[in-house]
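Colleague: Next up is a structure, given as structure tokens.
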Amino acid sequence: LAPKPLRGRRLLVTAGPTFEPIDPVRGITNHSSGKMGFAIARAAAEAGAEVTLVAGPVQLATPRGVQRLDVQTAQQMHDAVLSLAPRQDVFIATAAVADWRPAQSHEHKLKKAEGGATAPVIAMAENPDILAAVARLPDPPFCVGFAAESEKLEEHADAKRRRKGIPLIVANLGPATFGRDDNALLLIDERGRRELPEAGGRADKLSLARELIRDLSTRL
Ligand code: C5P
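In full-length UniProt numbering, each residue carries its 1-based index in the sequence shown increased by 184.
Quick look at the structure:
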């Protein structure tokens, strides 16, 4: 019988990109397949947790036994997460949240002016930092962030961990993993670092998610 180290625990995961509409046919989004977050939700459910997955627009099937809530914008993701977070034991933020949104979403499609007139300028407003907001709750769940950095990975990831006030951050090692099925992770907490897969190299996202969940279950 498989061990269930997260039995009785509630775990909340965000995954995928957010989509910030400009008008009814256009929007701003981030690169993210959602695969890592969905794999984590699946691994957590396998480990016996009660899992809620808040997902941006992705093309992925809901893992067995996972409660899924679909959202589009960062603000919707924020509202869904903040309403659920106070009852959770763990919050894992894998979503690639858009940092800014168009300050206003136009009701009708923006039209090209006849005769080659000027291109529109889109004013932007800042989106809330969902992970930092959860970490600031009076009795927060154990918060795990993800970081994709293009340079000085460890330094930037750890700075992000401290800035957001979270105990653990997971950095994506190596080249961009968008849409790929394999990855390698670097876990950074206040005591140090640990690489997954333990054996080195890369591993498929589900095996990594299972290793991460095993690691996490020892921290609660
Ligand atoms: O600050 P940065 O976007 O690089 O931080 C990445 C981490 O913060 C990820 O865990 C991501 O899911 C989370 N995040 C968030 N809300 C935002 C921006 C990032 O929850 N608005």
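We put the beta carbon where it would ideally sit given N, CA and C, even for glycine.
The structure presented is a predicted model; accordingly, all values stated were derived computationally and were not measured.
1) With a threshold of 16 other CB atoms inside 10 Å of the CB of V209, please say whether the residue is buried or exposed.
2) What is the C-beta distance between A368 and T278, in whole angstroms, given that I count them as a contact (C-beta under 8 Å)?
3) Rounded to the nearest angstrom, what separates V281 and N214 at their Cα positions?
4) Measuring CB to CB, does I276 end up less than 8 Å from V238?
5) Please determine, among K389, A332, I314, G363, the residue with the shortest C-alpha to C-alpha distance to G349.
6) By how many angstroms is the C-alpha of D254 removed from the C-alpha of P286?
7) Would you tell me roughly how many angstroms separate the C-alpha atoms of A383 and L392, rounded to the nearest one?
8) Express the C-alpha separation of P247 and G385 in angstroms, rounding to a whole number.
9) Under the assumption that V265 contacts Q251 (Cβ atoms under 8 Å), give the Cβ distance between them as a whole number of angstroms.
10) In chain order, what residues of the same chain lie with their CB nearer than 8 Å to the CB of A319, ignoring the 5 residues before and after it?
11) If you follow the alpha helix (DSSP H) that G221 is in, where does it begin and where does it stop?
12) Whole angstroms are fine: how far does the CA of N356 sit from the CA of K219?
13) Does the beta-carbon of P312, which I'm using as the reference point, lie nearer than 7 Å to any heavy atom of the ligand C5P?
14) Could you check the C-alpha separation between A225 and G211 for me, to the nearest Å?
15) Does the beta-carbon distance from A233 to L190 come in below 8 Å?
16) Classify P270 as helix, strand or coil using the three-state DSSP reduction.
17) Nearest CA to the CA of D399: which residue from D388, Q243, L371?
18) In the structure shown, what three-state DSSP assignment does V281 receive?
19) Residues in its own chain within less than 7 Å of A332 by CB, not counting five upstream and five downstream?
20) Report the residue from G363, L390, D388, R403 whose alpha carbon sits nearest the alpha carbon of D373.
21) Taking the Cβ atom as the reference point for each residue, do E338 and R378 lie within a distance shorter than 8 Å?
Modeller: Working from what's here:
1) By the beta-carbon neighbour count (other beta carbons within 10 angstroms, threshold 16), V209 is exposed.
2) Their Cβ separation, rounded to whole angstroms, is 15 Å, which puts A368 and T278 out of contact at 8 Å.
3) 7 Å
4) No, Cβ-Cβ distance for I276 and V238 is not below 8 Å.
5) I314
6) 21 Å
7) 11 Å
8) Going by the C-alpha atoms only, they are around 26 Å apart.
9) With 8 Å as the limit, V265 and Q251 do not qualify as a contact, their Cβ atoms being about 13 Å apart.
10) C327, K348, G349, I350
11) 219-230
12) 13 Å
13) yes
14) 27 Å
15) yes
16) helix
17) When C-alpha distances from D399 are compared across D388, Q243, L371, the shortest belongs to L371.
18) Look at V281 here: in three-state DSSP terms it is coil, with no helix or strand label.
19) N356
20) R403
21) no
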